[in-house]
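A short write-up of the structure that comes next.
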Amino acid sequence: MPILRVALNIPLDTLFDYIAPNACEADIGLRVCVPFGKKKLTGVILEVCSDTEVPPEKLKSVICIFRETPPLSAELLALFSFCSDYYHHPLGMVVMNSLPGKLRNNKPVSLKVHVNRDQFVLSAAGRQVDTSTIPARNTLMHRLLATLKSTPSLNARDVRKISPRADHILQDWVRKGWVDIIPETDPAVATPALPELTSEQSTAVGVIAAKLDRFDTWVLHGVTGSGKTEVYLRLIAQTLSKGKQALVLIPEISLTPQLESVFRERFIMTRIVSLHSGLNDSERLSGWLQAQQGEAGVVLGTRLAVFTPLPKLGLIIVDEEQDSSFKQQDGLRYSARDLAIFRASQAHIPVVLGSATPSLESYYNVLNDRYRYLRLKNRAIKNAVLPQVKCIDLRSEKPLNGLSIPLIKAIDACLAHRQQCLIFINRRGYAPVLLCKSCGWTAVCQRCTSRLVVHLQDKKLSCHHCGYLESFPHACPQCGDQDMMPFGRGTQRVEEALAIRFPSARILRIDRDSTRRKNAWQAILRSVHQHEVDILVGTQLLAKGHDFPNLSLVGILGSDISLYSTDFRAGERLFTQLMQVAGRAGRAKISGSVLIQTEFPNHPLYQALQRHDYDVLAKTILAERKMAGFPPYVYQALLRAEAHSLKKVLDFLDTAHKLTQSLTGIEVFDPVPAHMARLKGMERAHLLVQSGSRKKLQIFLAQWYKQLSALTAHKVRWSLDVDPIEF
Ligand code: ADP
Ligand code: ZN
Ligand code: ZN
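What follows is the structure, encoded as structure tokens:
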């Protein structure tokens with residue numbers, strides 16, 4: 001009797017065995033419904049074997065195997081397996097979390113004809129089908145086949161006219177390869193005229209295109225506006241022309257609409273699927289299936305899209321590869337960028353990491369010759385030069401309500417020329433914290449250690465980490481003083497100051513508050529593009545790759561805090577962010593300028609920024625990291641733990657620490673409270689381990705993970721975070 005080994009979404013590091021009388025090897029990768037305790041669960045078949053260690057009386061039978069979707073490919077299962085091993089996360093959870101919601105359900109999915117304008121044609125295999133193998137009583141099948149044979153193509157409406165049930169048969173035939181789907185083509189739409197590549201772009205395209213049939217990790221380092229997208233488009237075109245699929249990973253959902261339309265305009269004949277968190281379950285399933293069936297030529301998506309089944313994968317692009325959103329920060333803490341590289345290596349295809357400011361990890365690999373490097377130093381549009389970056393020294397230019405005189409003058413001039421400006425602040429809310437000027441008390445969250453953020457409009461204090469909300473206190477809880485001051489300057493306050501100073505300007509604030517609603521981004525982008533806005537006030541969200549042709553001035557406020565942070569990555573992050581924000585200015589015909597308000601105008605970071613000199617700063621930071629023994633010179637993992645009592649957490653971490661005794665090549669630090677020591681009522685702490693050898697660290701982690709899993713006495717939630725980027 002065949003035994004199925006099934007991946008289930010259960011937090012145990014094992015597969016689950018079931019009997020399935022009529023299963024075979026070909027069923028590996030199919031979904032299956034199984035009994036689990038009193039429940040029914042959906043899982044994926046990972047192995048079919050003939051024996052099991054489960055005693056016969058405990059062995060149960062599967063309830064059903066879902067055969068309406070094709071099995072997950074061996075290539076994808078290998079990716080899951082690597083991911084589970086590398087991040088030390090149960091395989092079943094890795095597999096199940098990657099699937100669209102509808103495939104995690106205990107129900108078969110219906111495969112509707114998803115795009116009505118498709119044309120269906122009989123494939124060569126379909127023409128050779130022996131009609132005598134189709135039962136005579138199945139008149140519908142005979143009718144459909146005959147119709148397909150007699151016409152060049154059918155569209156969905158024609159199909160439905162034959163019978164409402166014809167859809168279903170057709171989908172089955174598509175899966176069998178009897179019928180091909182051709183995306184609808186509109187003869188009225190001409191092939192778009194391609195821009196002539198700059199010499200840098202043309203070199204980059206040429207060099208990568210010559211090696212499309214092998215694995216390489218390419219770092220495409222191009223200043224903002226250098227036309228990296230055009231390089232991607234050309235490489236994708238080549239990939240598509242070979243009948244292959246391209247996977248494009250992007251950091252933010254807010255980037256999708258713009259990029260998606262660029263892709264759709266360029267590849268009219270190609271099915272483009274976009275996968276991001278803004279989709280509903282049906283949309284996600286539909287996109288996923290189109291990818292799996294090879295119908296989608298391009299899949300554009302955020303980090304989870306790295307797990308999309310792509311049978312004909314020929315190219316992976318990771319845009320803004322340095323972006324921290326590629327790393328998942330809970331559950332399976334994977335890096336989509338790193339998995340993309342693994343996936344490309346397995347598939348023997350190139351992966352392109354694009355960035356204006358490559359992550360130091362990637363840059364380090366370039367310096368080590370592990371990655372290949374291509375550079376775009378100039379902006380693509382003729383005469384578009386990089387913006388001039390200058391510091392405004394706040395020690396001599398005291399700001400009023402956050403705005404210094406030189407910045408105000410620059411805004412004046414910008415508005416006088418009917419151009420747009422952007423004031424960038426890396427914070428939000430009216431004023432971040434409530435401070436008592438007499439005793440120094442600040443409002444902190446009851447549940448976390450984070451400071452509460454002041455929202456002046458509704459007189460509320462809110463925690464931006466756990467969502468806790470409370471009203472303003474009438475007086476200082478510590479000293480009774482009633483003179484409570486909002487301290488620090490957030491976007492709303494600057495907006496107010498700007499509104500007073502520039503009464504006729506149209507001001508738009510962009511931060512998480514104003515972009516939470518669905519489609520908020522599209523509305524904002526549209527109003528900026530149509531010049532319905534003069535001054536944009538925004539947080540980091542605006543730093544990402546939008547193209548605003550009429551933007552000529554960027555003012556940067558309050559960035560100094562990051563210069564002397566305890567987080568060793570803060571400098572890198574600030575530099576990246578400021579380079580990107582600076583890249584917003586002067587993208588098109590007008591030249592831009594960037595003004596940074598700072599008390600430290602001579603800091604190397606600002607100096608490098610003024611010269612647009614990524615390399616010098618990157619090398620400086622790398623040298624510091626080497627001295628201090630930080631990544632990328634060491635490999636790290638964090639054992640994160642949380643519980644209701646801090647003592648339990650620390651006891652657990654102490655025990656974990658003791659398990660690590662007498663190891664060579666592995667450095668283990670003492671447990672420390674997490675940066676957010678309390679979160680949602682839980683006490684949190686962690687323990688850092690690191691090693692100069694990734695292999696040694698992996699061997700150690702595998703062993704440690706087993707030992708930790710065997711510790712049952714502790715009521716502590718824990719997880720391993722491999723290659724952590726937040727502490
Ligand atoms: P990046 O992603 O490198 O910041 P983009 O891909 O957004 O840059 O390109 C910046 C601008 O340059 C876009 O408006 C794009 O249409 C334009 N562009 C790109 N390549 C060319 C080219 N070869 N000729 C003219 N314009 C180009
Ligand atoms: Zn006080
Ligand atoms: Zn909180």
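According to the UniProt record's numbering, the sequence shown is numbered sequentially starting from 1. Beta carbons: idealized from backbone N, C-alpha and C, even for Gly.
Subject >> Endpoints, alpha helix (DSSP H) assigned at Thr442 >> reply: Here the question's residue 442 lines up with position 442 in the sequence shown. That residue, Thr442, is in no alpha helix (DSSP H); it is neither H nor E in DSSP.
**OP:** Put Tyr633 into one of helix, strand or coil per three-state DSSP.
**Re:** Taking the first residue of the sequence shown as position 1, residue 633 is located at position 633. Of the three classes helix, strand and coil, the one that applies to Tyr633 here is coil, per DSSP.
Original post:
Would you report the Cα separation of Asp167 and Arg333, rounded to the nearest angstrom?
Top reply: Counting from 1 along the sequence shown, the entry for residue 167 is found at position 167. Counting from 1 along the sequence shown, the entry for residue 333 is found at position 333. Going from the Cα of Asp167 to the Cα of Arg333 covers about 40 Å.
Original post:
Out of Val109, Cys24 and Ile65, which has the shortest C-alpha to C-alpha gap to Val34?
Top reply: If you number the sequence shown from 1, residue 34 lands on position 34. Residue Ile65 is the option with its Cα nearest to Val34.
Subject >> Enclosing alpha helix (DSSP H) for Trp718 [first to last residue] >> reply: Start at 1 with the first residue of the sequence shown, and residue 718 comes out as number 718. Careful: Trp718 lies outside any alpha helix (DSSP H), inside the beta strand (DSSP E) at Arg717 to Val722.
**OP:** Could you give the DSSP three-state label for Pro350: helix, strand or coil?
**Re:** Taking the sequence shown and counting its residues from 1, one reaches residue 350 at position 350. Reduced to three states, the DSSP call for Pro350 is coil.
Original post:
Where do the ends of the alpha helix (DSSP H) carrying Glu572 lie?
Top reply: On the sequence shown, position 572 is the one that residue 572 refers to. That run of the alpha helix (DSSP H) goes Ala570 to Gly583.
Original post:
Applying the criterion that 16 or more other CB atoms from any shown protein chain within 10 Å of the CB defines a buried residue, is Pro251 buried or exposed?
Top reply: One-based indexing of the sequence shown puts residue 251 at position 251. Result: buried.
Original post:
In terms of residue numbering, what span does the beta strand (DSSP E) encompassing Tyr373 cover?
Top reply: Working through the sequence shown from its first residue, we reach residue 373 at position 373. Per DSSP, Tyr373 is one residue of the beta strand (DSSP E) stretching across Arg372 to Leu376.
Original post:
Mapping DSSP to helix, strand and coil, what is Asn97?
Top reply: The sequence position of residue 97 within the sequence shown is 97, counting from 1. Note: Asn97 maps to helix in three-state DSSP.
Original post:
So does Asp534 have its beta carbon nearer than 7 Å to some heavy atom of ligand 2?
Top reply: Numbered from 1 along the sequence shown, position 534 holds the residue referred to as residue 534. Incorrect: Asp534 has no Cβ contact closer than 7 Å to ligand 2.
Subject >> Same chain, Cβ closer than 7 Å to Glu295, five either side skipped, listed in chain order >> reply: Stepping through the sequence shown from its first residue, residue 295 is reached at position 295. Cβ within range, chain order: Ile181 and Arg271.
Original post:
Are the CB atoms of Val54 and Ile45 nearer to each other than 8 Å?
Top reply: To locate residue 54, count along the sequence shown from 1; it is residue 54. To locate residue 45, count along the sequence shown from 1; it is residue 45. Result no, Cβ atoms of Val54 and Ile45 do not sit closer than 8 Å.
**OP:** Counting only runs of 4+ residues fully inside the region 284-372, write out the alpha helix (DSSP H) ranges in chain order.
**Re:** 336-347 and 360-367
**OP:** For Pro195, count neighbouring C-beta atoms within 10 Å of its own C-beta (all shown protein chains included) and say buried if the count is 16 or more, exposed if not.
**Re:** Position 195 of the sequence shown, counted from the first residue, corresponds to residue 195. Exposed is the call here.
**OP:** Report yes if the C-beta distance between Phe326 and Val298 is below 8 Å; otherwise report no.
**Re:** For the purposes of this step, residue 326 is taken as residue 326 along the sequence shown, with counting starting at 1. For the purposes of this step, residue 298 is taken as residue 298 along the sequence shown, with counting starting at 1. No, they are not a contact pair.
Original post:
For the beta strand (DSSP E) that Phe80 lies in, which residues bound it at each end?
Top reply: Numbered from 1 along the sequence shown, position 80 holds the residue referred to as residue 80. No beta strand (DSSP E) holds Phe80; the alpha helix (DSSP H) holding it covers Ala74 to Tyr87.
Original post:
Closer than 7 Å: is that where the CB of Gln322 sits relative to any heavy atom of ligand 1?
Top reply: Along the sequence shown, read from residue 1 onward, the residue named residue 322 stands at position 322. Relative to ligand 1, even the nearest heavy atom lies 7 Å or more away from the CB of Gln322.
Subject >> Residue closest to Pro350, alpha-carbon to alpha-carbon, out of Asn368, Tyr373 and Ala356 >> reply: For the purposes of this step, residue 350 is taken as the residue at position 350 of the sequence shown. That would be Tyr373, whose Cα lies nearest to the Cα of Pro350.
Subject >> Cβ pair Ala380, Gly227 closer than 8 Å >> reply: In the sequence shown, the residue the question calls residue 380 occupies position 380. In the sequence shown, the residue the question calls residue 227 occupies position 227. Contact: yes.
Original post:
Within the present structure, is the beta-carbon of Gln478 separated from the nearest heavy atom of ligand 2 by less than 7 Å?
Top reply: Translated into positions along the sequence shown, residue 478 becomes position 478. Yes - ligand 2 has a heavy atom lying nearer than 7 Å to the Cβ of Gln478.
Original post:
Are there 16 or more other CB atoms within 10 angstroms of the CB of Thr133, so buried, or fewer, so exposed?
Top reply: In the sequence shown, residue 133 corresponds to position 133, counting from 1. Exposed: under 16 other Cβ atoms inside 10 Å.
Subject >> Touch test, the region 235-243 against the region 300-316, Cβ-Cβ under 8 Å, three pairs minimum >> reply: yes
Subject >> Start and end residues, beta strand (DSSP E) containing Tyr18 >> reply: Translated into positions along the sequence shown, residue 18 becomes position 18. Looking at the DSSP string, the run of the beta strand (DSSP E) that includes Tyr18 is Phe16 to Ile19.
Original post:
Which word fits Ser719, buried or exposed, when buried means at least 16 other C-beta atoms lie within 10 angstroms of its C-beta?
Top reply: Looking up residue 719 in the sequence shown gives position 719. Under this definition Ser719 is a buried residue.
**OP:** Report the three-state DSSP secondary structure of Thr620 (helix, strand or coil).
**Re:** Here residue 620 refers to the residue found at position 620 when the sequence shown is read from its first residue. Three-state DSSP puts Thr620 in a helix.
Subject >> Classification of Glu683 by the beta-carbon crowding that lies within 10 angstroms, buried from 16 upward >> reply: Counting from 1 along the sequence shown, the entry for residue 683 is found at position 683. Result: buried.
Original post:
Nearest to Leu679 by CA position, among Arg447, Ile510, Ser593 and Pro631, is which residue?
Top reply: Sequence index remark: in the sequence shown, residue 679 carries index 679 (1-based). Among Arg447, Ile510, Ser593 and Pro631, the Cα nearest to that of Leu679 is on Arg447.
Subject >> Same chain, Cβ closer than 6 Å to Ser527, five either side skipped, listed in chain order >> reply: Locating residue 527 in the sequence shown gives position 527, counting from the first residue. Correct list, in chain order: Val533.
Subject >> Cα-Cα separation between Leu59 and Asn9, rounded to whole angstroms >> reply: Position 59 of the sequence shown, counting from 1, holds the residue named residue 59. Position 9 of the sequence shown, counting from 1, holds the residue named residue 9. For Leu59 and Asn9, the distance between alpha carbons rounds to 19 Å.
**OP:** Sort Ile535, Glu397, Glu599 and Gly692 by Cα distance to Arg418 and report the nearest one.
**Re:** One-based indexing of the sequence shown puts residue 418 at position 418. That would be Ile535, whose Cα lies nearest to the Cα of Arg418.
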